[in-house]
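In terms of the numbering used here, the sequence shown is residues 78 to 341.
Here is the structure we will look at, set down as structure tokens.
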Amino acid sequence: LREKYGDVFTVYLGRRPVVMLCGTDAIREALVDQAEAFSGRGTIATIESIFQGYGVIFANGERWKILRRFSLATMRDFGMGKRSVEERIQEEAQCLVEELRKSKGALLDPTFLFQCITSNIICSIVFGERFDYKDRQFLRLLDMFYQTFTLISSFYGQIFELFSDFLKYFPGTHRQIYKNLQEINTFIGHSVEKHRATLDPSSPRDFIDSYLLRMEKEKSNVHTEFHHQNLILTLLSLFFAGTETSSTTLRYGFLLMLKYPHVA
Numbered sequence: 078l079r080e081k082y083g084d085v086f087t088v089y090l091g092r093r094p095v096v097m098l099c100g101t102d103a104i105r106e107a108l109v110d111q112a113e114a115f116s117g118r119g120t121i122a123t124i125e126s127i128f129q130g131y132g133v134i135f136a137n138g139e140r141w142k143i144l145r146r147f148s149l150a151t152m153r154d155f156g157m158g159k160r161s162v163e164e165r166i167q168e169e170a171q172c173l174v175e176e177l178r179k180s181k182g183a184l185l186d187p188t189f190l191f192q193c194i195t196s197n198i199i200c201s202i203v204f205g206e207r208f209d210y211k212d213r214q215f216l217r218l219l220d221m222f223y224q225t226f227t228l229i230s231s232f233y234g235q236i237f238e239l240f241s242d243f244l245k246y247f248p249g250t251h252r253q254i255y256k257n258l259q260e261i262n263t264f265i266g267h268s269v270e271k272h273r274a275t276l277d278p279s280s281p282r283d284f285i286d287s288y289l290l291r292m293e294k295e296k297s298n299v300h301t302e303f304h305h306q307n308l309i310l311t312l313l314s315l316f317f318a319g320t321e322t323s324s325t326t327l328r329y330g331f332l333l334m335l336k337y338p339h340v341a
């Protein structure tokens, strides 16, 4: 196609037009030279009914800029002088080492443990607490995330991306994805209400507290992006984008160190 149409051309995936960029020059021009114009994120049909353009990961335009700026600043200065993110990562890494020692050298698939530590670090930042690796509620959350990612990347999930306007009216894995994410949102909502009931404006404990304080500060602004829906979906976004990607990166990192131990 590149030989026939050049470095920039459009293909249709179902009814969705997709612009293809070929070659470093075209890609650099779009993503570097005109980064502002091309920084938008495309929709993912299987989860669009949940996010609907809200939350820091799946928002676009000015909403994305505002939420991203707040999220980065809050994560960077997390806890307003309390324990740093690095300390929490080190704490979780120590828990991982203890779990690995329990295997006593036996063969072990670390996938589950990597999901636990990445999720717990996010929980620590967002909720101000970590979970035991055998906590039922924690295991349920991990299972729903793993199942959701598996369904999104399945054959049906990819077909749904192409023909979602038609397939959304029929039974399919997209409904299970919706159910899973709604259950996770319910869990997040309960945590937000607990934080709201125990909020101390002079001593924010975590990301949720910081967001609630910003909501209160901007409650008179009818156009504010700091409202309940953006809070819930930003928290879901942090889990959605951070858990699977980070655990997969760790898994590949460990695999490379096992294959090439001299680089460790």
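Heads up, the beta-carbon is just placed ideally off N, CA and C, and yes, glycines get one too.
Could you check the C-alpha separation between residue i and residue j for me, to the nearest Å?
i	j	result
S297	R291	11 Å
L332	L310	33 Å
L335	E163	25 Å
W69	E302	Residue 69 lies beyond the residue range present for the chain, which begins at 78 and ends at 341; the question has no answer from this structure.
G249	A122	13 Å
R118	E169	32 Å
G91	L239	5 Å
R252	F243	14 Å
T320	S196	5 Å
A274	L289	11 Å
T87	L78	10 Å
A107	T120	19 Å
V95	V85	11 Å
I143	R153	15 Å
L149	D283	13 Å
F147	G132	12 Å
Quick check on this structure: which residue in the options has the alpha carbon closest to the alpha carbon of residue i?
i	options	result
R364	S241, P248, I229 and Y329	For the chain, the structure presents residues 78 to 341; residue 364 sits outside this window and is missing.
H300	C99, Y255 and E139	E139
G130	H272, L308, T325 and Y337	L308
N137	P278, V203, L149 and E113	E113
Q171	G182, I236 and F191	F191
L258	I229, P278 and I236	I229
G234	F115, Y89, I124 and K81	I124
I127	E260, Y82, G100 and L98	E260
Could you check what DSSP says for residue i in three-state terms: helix, strand or coil?
i	result
L173	helix
T123	helix
L332	helix
Y337	coil
R153	helix
T61	A question about residue 61 goes unanswered here, because the residues of the chain that appear run from 78 up to 341.
V269	helix
Y89	strand
V299	coil
L276	coil
With 16 other CB atoms within 10 Å as the buried threshold, where does residue i fall?
i	result
M221	buried
M157	Interpretation of M157 is limited by its pLDDT of 42, a score under 50 that renders its predicted location unreliable; no figure is taken from the coordinates.
T151	buried
Which whole-angstrom value is the C-beta distance of residue i and residue j, which I expect to be below 8 Å?
i	j	result
I254	S268	Contact flag wrong, Cβ pair sits at about 22 Å.
I134	S314	4 Å
Y210	E176	7 Å
L173	I194	5 Å
P278	S287	Wrong, their Cβ atoms sit about 11 Å apart, outside the cutoff.
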